[in-house]
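Following: one structure in structure tokens, then a few remarks.
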Amino acid sequence: MSRTDELETSKPVAQDPRLPRLSESPAFVDYMSSGWDEPDRTPVVAEGAAAAAAQHRARLSDLTVGRTVVIGAGSAPTRNDDNVYDFRVDSGFYWLAGASIERAVLVLQPVPGGHDAVLFLPPPARPGGPEFFSDSAHGELWVGPAPGIAEWSSALQITVRPLEELESALSTAVQPFVGGQLDHDVLRGLGAQESVEQIVSELRLVKDAWEVQQLRRAVDLTVGGFAAVVAEFPTAIAHGGERWLQGTFDRHARTYGNGVGYATIVGSGAHAPTLHWVRCDGQVRPSDAVLLDMGVETRSLYTADVTRTFPASGTFSDVQRQVHDLVEKAQRAALATVAPGRTFDDFHHAAMEVIVRGLHDWSLLPVSVDEALSPDGQHHRRFLVCGVGHHLGLDVHDCSSARYEEYHARSVSPGMAMAVEPGLYFHAHDLSVPPELRGIGVRIEDNVLVTDTGSEVLSAALPLDARGLENWMTAQQVR
Numbered sequence: 000m001s002r003t004d005e006l007e008t009s010k011p012v013a014q015d016p017r018l019p020r021l022s023e024s025p026a027f028v029d030y031m032s033s034g035w036d037e038p039d040r041t042p043v044v045a046e047g048a049a050a051a052a053a054q055h056r057a058r059l060s061d062l063t064v065g066r067t068v069v070i071g072a073g074s075a076p077t078r079n080d081d082n083v084y085d086f087r088v089d090s091g092f093y094w095l096a097g098a099s100i101e102r103a104v105l106v107l108q109p110v111p112g113g114h115d116a117v118l119f120l121p122p123p124a125r126p127g128g129p130e131f132f133s134d135s136a137h138g139e140l141w142v143g144p145a146p147g148i149a150e151w152s153s154a155l156q157i158t159v160r161p162l163e164e165l166e167s168a169l170s171t172a173v174q175p176f177v178g179g180q181l182d183h184d185v186l187r188g189l190g191a192q193e194s195v196e197q198i199v200s201e202l203r204l205v206k207d208a209w210e211v212q213q214l215r216r217a218v219d220l221t222v223g224g225f226a227a228v229v230a231e232f233p234t235a236i237a238h239g240g241e242r243w244l245q246g247t248f249d250r251h252a253r254t255y256g257n258g259v260g261y262a263t264i265v266g267s268g269a270h271a272p273t274l275h276w277v278r279c280d281g282q283v284r285p286s287d288a289v290l291l292d293m294g295v296e297t298r299s300l301y302t303a304d305v306t307r308t309f310p311a312s313g314t315f316s317d318v319q320r321q322v323h324d325l326v327e328k329a330q331r332a333a334l335a336t337v338a339p340g341r342t343f344d345d346f347h348h349a350a351m352e353v354i355v356r357g358l359h360d361w362s363l364l365p366v367s368v369d370e371a372l373s374p375d376g377q378h379h380r381r382f383l384v385c386g387v388g389h390h391l392g393l394d395v396h397d398c399s400s401a402r403y404e405e406y407h408a409r410s411v412s413p414g415m416a417m418a419v420e421p422g423l424y425f426h427a428h429d430l431s432v433p434p435e436l437r438g439i440g441v442r443i444e445d446n447v448l449v450t451d452t453g454s455e456v457l458s459a460a461l462p463l464d465a466r467g468l469e470n471w472m473t474a475q476q477v478r
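Quick note on numbering that gives the first Met the number 0: the sequence shown kicks off at 0 and runs consecutively.
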């Protein structure tokens, strides 16, 4: 018999009678519907988040007068089959709602004098229906107590309605703005629409007092994570490698915050020049310089983004120190330019000029300093292909939908927070540099808050200079 014949004559496998579908058993559904006490369903909301979100909605309302705004929280992406990654709420939704609520939709409905905010939520799968025990993604028997309309309304001080009413509510939408993560059915039902992402990003450029408090907390927790990681260098050298250091920080971030704000980067030796070495699967050798780019995300979802490069042995080699000293000089020049009235790009140009002059002094550029710095040159970017900074907040690369003239070209303002991160990256296979430089990567990244009179380096607890890093590292390892 051919394989085709076999397939054509095969019969469906009968359902195993020992494995009935529980949701189809009336007796079981009835039995599971009662006899349950009420658990604590108090929502998890960061202190001050609801009040801050109300202020954020008011700011958005001023810029969207007479128009409907619809923003979705999103849902957990599938990893495989019925396994999903951890849910991370859309940052714009969180900024406006003040909480992480999967599948929720926030609607700002225009009314005279502003907007009414209404939060639409999917129904919780509680005792009384088969979803309680049959829905492995949302049923309370599977995932734990789930707040509902009453609980969220009380916690956020906002009107909350069932998600099933969203379609009707949007039938009268006026020139809708949309943003966040919304189902295609919602978008199709709205008809003509315009993205609100640019407006929200530009509003988020300047942090309010509550947001600054969250960023301070994120940076402080991150510095603590650096201390924990550096203390584990001997173990990483002995057998754990980059994985051990990554795991140390990620555990710290989860213990004291919500988790990491982005994929932790641990690049040892020749891995350090790779800008986003998130594989973290290499060894750590005593002779290596180890680049650590790490950030804790607070439970209010604000993240830090800090980088330092440490000598695995505790002491930089002469050539490692030479590279580090140049990057330190570039960082100090960049930080000196962060102040009201200066543009966002000023610190980029300040750092690049120092880098170019240093590379020229080392005879690593095929052109003059002026030629390298010219728009048609940029030869130094071979060793620093990325920019030197970005805004920071709920996202590690915050406010990415803002227009260029608002993000880069405008004068910075008090309340803006940014990461400043010059570096030098000499790849192991780069034949344009002397052998002793190959495989060395150094980045120094600080988190900076613009103030009324200048700026404050939030990550100043970590030393900038090579000797200071060596001493700090020793202090962590003898605790």
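Backbone N, C-alpha and C fix where the C-beta goes; we use that ideal spot for every residue, glycine too.
What is the DSSP secondary structure of G388, reduced to helix, strand or coil? Along the sequence shown, one-based indexing puts residue 388 at 389. Three-state DSSP puts G388 in a strand.
Three or more C-beta pairs closer than 8 Å, one from the stretch 254-265 and one from the stretch 174-186: is that the case here? no
Three-state class that DSSP yields for F309 in the structure shown: To locate residue 309, count along the sequence shown from 1; it is residue 310. Strand at F309.
Just checking, does the stretch 280-290 make contact with the stretch 239-250 on the three C-beta pairs under 8 Å criterion? yes
Just checking my contact of V177 with V106 at CB under 8 Å: how many whole Å lie between their CB atoms? The sequence position of residue 177 within the sequence shown is 178, counting from 1. The sequence position of residue 106 within the sequence shown is 107, counting from 1. Wrong, their Cβ atoms sit about 10 Å apart, outside the cutoff.
List the endpoints of the continuous beta strand (DSSP E) containing Y261. In the sequence shown, residue 261 corresponds to position 262, counting from 1. Counting along the chain, Y261 falls outside any beta strand (DSSP E), and DSSP gives it neither H nor E.
Just the C-alpha distance for T342 and Y403, rounded to the nearest angstrom, thanks. As a position in the sequence shown, residue 342 is number 343, starting the count at 1. As a position in the sequence shown, residue 403 is number 404, starting the count at 1. Taking the straight line from one Cα to the other gives about 12 Å.
Among Q108, S24 and E46, which has the Cα closest to the Cα of R56? Here the question's residue 56 lines up with position 57 in the sequence shown. Selection Q108, S24 and E46 evaluated against R56 yields Q108 as nearest (Cα-Cα).
DSSP-derived helix/strand/coil call for F315: Residue numbering aside, residue 315 sits at position 316 when the sequence shown is read from its first letter. Coil, per DSSP.
Reference L120, options P144, A72, D36 and F132, closest by Cα: Position 121 of the sequence shown, counted from the first residue, corresponds to residue 120. Comparing Cα-Cα distances from L120 to each of P144, A72, D36 and F132, the minimum goes to A72.
Let me know if P111 comes out buried or exposed under the rule of 16 or more other beta-carbons within 10 Å of its beta-carbon. Counting from 1 along the sequence shown, the entry for residue 111 is found at position 112. Exposed: under 16 other Cβ atoms inside 10 Å.
Within the continuous alpha helix (DSSP H) that includes T221, where are the two ends? Taking the first residue of the sequence shown as position 1, residue 221 is located at position 222. A208 to A230 is the extent of the alpha helix (DSSP H) around T221.
Taking just the CA atoms, how far does R216 sit from P25? What you label residue 25 is simply residue 26 of the sequence shown in a count that begins at 1. What you label residue 216 is simply residue 217 of the sequence shown in a count that begins at 1. Straight through space, the alpha carbons of R216 and P25 are spaced by roughly 52 Å.
Should W35 be labelled buried (16 or more other beta-carbon atoms within 10 Å of its own) or exposed? Working through the sequence shown from its first residue, we reach residue 35 at position 36. By the neighbour-count rule (16 or more Cβ atoms within 10 Å), W35 is not buried but exposed.
Are there three or more Cβ pairs, one per stretch, closer than 8 Å when the stretch 295-302 is compared with the stretch 317-327? The stretch 295-302 is not in contact with the stretch 317-327.
Just the Cα atoms here: how many angstroms apart are I480 and F425? This structure cannot settle anything about residue 480, because the visible part of the chain is limited to 0 through 478.
Residues in its own chain within less than 8 Å of V211 by CB, not counting five upstream and five downstream? Numbered from its first residue, the sequence shown carries residue 211 at position 212. If we look at V211 and ignore the five residues flanking it on each side, its Cβ neighbours are G414, A416 and L448.
Specify the secondary structure class of P175 as computed by DSSP and reduced to three states. Start at 1 with the first residue of the sequence shown, and residue 175 comes out as number 176. Residue state, collapsed to three classes: coil.
DSSP-derived helix/strand/coil call for E5: Indexing the sequence shown from 1 puts residue 5 at position 6. Note that E5 scores 46 on pLDDT, short of 50, meaning its location in the model is unreliable and no value can be drawn from it.
Is it true that the stretch 124-137 meets the stretch 93-100, where meeting means three or more beta-carbon pairs spaced less than 8 Å apart? Counting Cβ pairs under 8 Å, fewer than three are found: no touch.
When DSSP builds the beta bridges, which residues end up paired with F92? Against the sequence shown, residue 92 aligns to sequence position 93. Partner(s): none; F92 has no beta bridge.
If we cut at 8 Å on Cβ distances, does D36 have a partner in chain D? Considering every chain present, this structure includes no chain D. It has just one protein chain.
Contact belief for V368 with H378 at Cβ below 8 Å, rounded distance in angstroms: As a working note, residue 368 is residue 369 in the sequence shown. As a working note, residue 378 is residue 379 in the sequence shown. About 10 Å; that fails the 8 Å criterion.
Suppose only complete runs of 3+ residues qualify. What are the beta strand (DSSP E) ranges in the stretch 406-452, listed by chain order? 416-419, 422-425, 439-442 and 445-449
Using the DSSP secondary-structure output, state which residues sit across from I70 in a beta bridge. Locating residue 70 in the sequence shown gives position 71, counting from the first residue. Paired residue(s): L105 and G178.
Residue from A427, P374, D29 and E435 with nearest C-alpha to S316: The residue given as residue 316 occupies position 317 in the sequence shown. The residue with the shortest Cα to Cα distance from S316 is E435.
What are the complete alpha helix (DSSP H) segments, minimum 4 residues, inside the stretch 137-177? Fully contained in the stretch 137-177 are the following alpha helix (DSSP H) runs of length 4 or more, in chain order: 139-142, 148-155 and 165-169.
Taking the straight line between their C-alpha atoms, what separation do you get for A48 and L372? Here residue 48 refers to the residue found at position 49 when the sequence shown is read from its first residue. Here residue 372 refers to the residue found at position 373 when the sequence shown is read from its first residue. A48 and L372 have their C-alpha atoms roughly 44 Å apart.
Within its chain, find whatever has a CB closer than 7 Å to the CB of S135; leave out the 5 residues flanking it on each side and keep chain order. Sequence index remark: in the sequence shown, residue 135 carries index 136 (1-based). Only D81 and W141 meet the Cβ criterion.
Could you please give the first and the last residue of the uninterrupted alpha helix (DSSP H) stretch that includes E455? The sequence position of residue 455 within the sequence shown is 456, counting from 1. Here E455 belongs to no alpha helix (DSSP H); instead the beta strand (DSSP E) covers S454 to V456.
Over the uninterrupted alpha helix (DSSP H) stretch that includes L189, give me the two end residues. Taking the first residue of the sequence shown as position 1, residue 189 is located at position 190. First-last of the alpha helix (DSSP H) with L189: H183 to L189.
What do you reckon, are the CB atoms on P421 and I439 nearer than 8 Å? The residue you call residue 421 lines up with position 422 of the sequence shown. The residue you call residue 439 lines up with position 440 of the sequence shown. No. Outside cutoff.
Nearest-angstrom Cβ-Cβ length linking S399 and S194, presumed shorter than 8 Å: In the sequence shown, residue 399 corresponds to position 400, counting from 1. In the sequence shown, residue 194 corresponds to position 195, counting from 1. In fact, because the Cβ distance is near 13 Å, the residues do not count as touching under 8 Å.
Using C-beta distances below 6 Å, list every residue in its chain close to A405, excluding the 5 sequence neighbours before and after it, in chain order. By one-based count along the sequence shown, residue 405 stands at place 406. The residue asked about is misnamed: residue 405 is Glu in this sequence, not Ala. Hits under 6 Å: E201.
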